[in-house]
Amino acid sequence: MNKILSIGIDSLDPELLLKYEVDLPNFTKIRKQSPVIHSSSVFPVDSIPAWVSIYTGLNPAKHGIIHSFDIFGSSWKDIVGIDVNVFKGSTFWDRASDSGKKVCILFPFLADPPWEVNGLMVGRSTDEFHIPDEITWMIRKDITTCPAKARAEYGIPDSIKGVKGRPPSKKDLDKYIDVLKANTIEEGNLALRLSKEADWDLFFMMFSWLDIVQHFFWRYCDEEDPTYPGKNPYQNVIKEFYQIYDNILGEFMEAHPETTTIVFSDHGHAMRPVRTVNINEVLRKKGLLKSRSGRISPAPFILENLKRISLDLIRKFELDHLMVRVSKSKALSSISKDIYMSSASIDLDRSMAYLSSFAGPKSYSHGGIEVNKGNLEGGSYEELRTMLIDELSGLIEPETGQKLVKWVCRREDLYQGQNIHLYPDIVFELVEGYGVYWGIHTPLIGTAYEHKLASGGHHRDAVFLIANCTEQPKRDNISVMDIGPTILQLLGIKPEEEIDGKSIF
Ligand SMILES: [Zn+2]
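When you line the sequence shown up against my numbering, it's residues 53 to 557, in that order.
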């Protein structure tokens, strides 16, 4: 009977597996064994919607969890409030467990605290507590197991160190890296030991920290990044993390040489765009977005320009860390977020359309436009959407004449589901290298101000590798929604009709 060993690594990138291939013998070995399968993430390309889609096989408009992290931590309250019951009981491991398979499930992101399965589930508590008072970026979380007695039975530690998703100050970068490395190795050793000691048909371990490492250290490691500082103490940090995962993978494959092994990620990682397209300015020029500025009050015009000047200064003098530290204080958090998102300068009531903030204040290449249905000025909603799609499709980079928008469509043409209203009315993706920005009264093309702070960004291309599998895949592409159904089919469990994901076998 088939056993499946699956390892999920947040933000593991297919291009970097190639770039570092000589230093990653185990990834390279599994890559050469695996059929070539191009994996792609969900929209928006963020960990939270992507992992829930991996767990459930549902598109994000169906499961409705499209929250995303941002560097200001401004959406943290919503994230803590995510209702686990949306997917508890309907994940791929729940389906395997319900079908009588023994499962061993370790640290699945968001799925805390662990719940009852046919086998063992291990997670972190949702509470966190700081260790030494002066180190505000480090946390320690309780480990919880279900069943509870499994902790003593397998000698699972009580708690585990981690970090917060915000960058530490420069003086703490070394300590920050050390904590993440130690944690990853410790989790890997625990997972390896449980894979040998526990009884399972389906094993799933998820690793979380690579995403944060790539966000903060991208510009220190990528010579192509315009903010690469030259030879520096952090230039190999990302590669070193890939090597830690490579070691862990090697140990798993040595311990389970015959077992079907799947390694996958929720999305990849790449340089965050350095240039932005000021979508709101496009809308303002078309008369669809109204600035608060008028003949009587020139304030928004001045505000936007002051903002640009202050962001330029922050960028020039590398004050980025300071800015996020300032934004941690509650009162200032919304101000810093507004600095990015212009909301103070836009008259939302009088506007017909404006750039959405649904994926957080991030200059990513994916974005959306909200239509103000209360103010269509006599036109129809669909006419306005058609006009917006035409307008965006035609956007051209003024200097090169290159198209700026890769694709643009109505939200219903992207996904269908009862939570589609959570998406902006129009969704789109810009071409590689360009991110969205909210500025008005500014040129069409601008600078991505938060690049230095979080120079790495999510990329739609993800990893899906499979070894020791006798079946041949029917296609060479997979969506992250297809991963659960694929695992279930390999376990001999019939896929559910009503979910979006389909097995590739
Ligand atoms: Zn992720």
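Even for Gly, the Cβ is constructed at its ideal location relative to N, Cα and C. All figures in this text were calculated on a predicted structure; none of them were measured in a lab.
Backbone CA spacing between residue i and residue j [nearest angstrom]
i	j	result
E275	L64	19 Å
L540	P66	24 Å
L474	L400	18 Å
I448	E73	37 Å
G431	L466	24 Å
W490	V155	46 Å
Q85	L162	32 Å
R344	G240	54 Å
G282	V289	14 Å
E484	K248	43 Å
S417	V479	11 Å
E306	I89	24 Å
E451	L517	41 Å
I237	V231	10 Å
V104	L436	32 Å
F144	A250	19 Å
S211	R192	7 Å
V97	A322	12 Å
D253	D146	13 Å
N330	S415	10 Å
K546	P537	8 Å
V315	A148	18 Å
I300	A102	23 Å
M258	L242	12 Å
E40	L543	Residue 40 falls outside the range modelled here, since the chain spans only 53 to 557, and no answer is possible.
I421	I398	14 Å
G109	F95	14 Å
L158	G426	47 Å
T494	K114	37 Å
Heavy atom of ligand 1 within 8 Å of residue i beta-carbon
i	result
W167	no
H418	no
D7	Because residue 7 is not part of the residues shown, which for the chain are 53 to 557, the question remains open.
S63	yes
H319	yes
A506	no
A163	no
H115	no
A102	yes
D511	As written in the sequence, residue 511 is His, which differs from the Asp given in the question. False, no ligand heavy atom lies under 8 Å from that Cβ.
Cβ-based neighbour list, residue i, same chain, cut-off 6 Å, excluding 5 preceding and 5 following
i	result
A202	L172
W459	E481
R527	I556
E303	L244
S92	R512, S531
L68	none
Same chain, Cβ closer than 7 Å to residue i, five either side skipped, listed in chain order
i	result
E429	M404
K140	W167
R336	S343, I492
P209	I195
Any non-hydrogen atom of ligand 3 within 8 Å of residue i CB
i	result
S99	In the structure on display, ligand 3 does not appear, and the ligands it does have are ligand 1.
Beta-bridge pairing of residue i - partner residues as DSSP gives them
i	result
N330	Y489
F316	G60, F516
V174	L158, T197
K213	R192
S531	S92
G498	T328
G50	This structure does not reach residue 50, given that the chain is present from 53 up to 557, and the question cannot be answered.
S343	I398
Cutoff 9 Å: residue i Cβ touching any chain C Cβ
i	result
R245	As a matter of chain content, chain C is missing from the structure shown, which is built from one protein chain.
Same chain only: Cβ atoms within 8 Å of residue i, ignoring 5 sequence neighbours per side
i	result
G116	V138, G469, Q470, N471, L474
D75	K291, Y294, Q295, D298
Q. Whole alpha helix (DSSP H) runs in the region 244 to 269 with 4 or more residues, listed along the chain?
A. Listed in chain order, nothing qualifies, since the region 244 to 269 has no complete alpha helix (DSSP H) run of 4 or more residues.
**Q.** beta strand (DSSP E) segments (min. 3 residues) lying fully within the region 457 to 491
**A.** Segments of the beta strand (DSSP E) lying fully in the region 457 to 491: 457 to 462, 478 to 482, 486 to 489.
Q) In chain order, which continuous runs of the beta strand (DSSP E) of length 3 or greater are located wholly inside the region 84 to 171? A) Counting only runs that start and end inside the region 84 to 171, the beta strand (DSSP E) elements of at least 3 residues fall at 90 to 92, 155 to 158.
Q) What alpha helix (DSSP H) runs, 4 residues minimum, are completely inside the region 396 to 457? A) DSSP runs (the alpha helix (DSSP H)) wholly in the region 396 to 457: 433 to 445.
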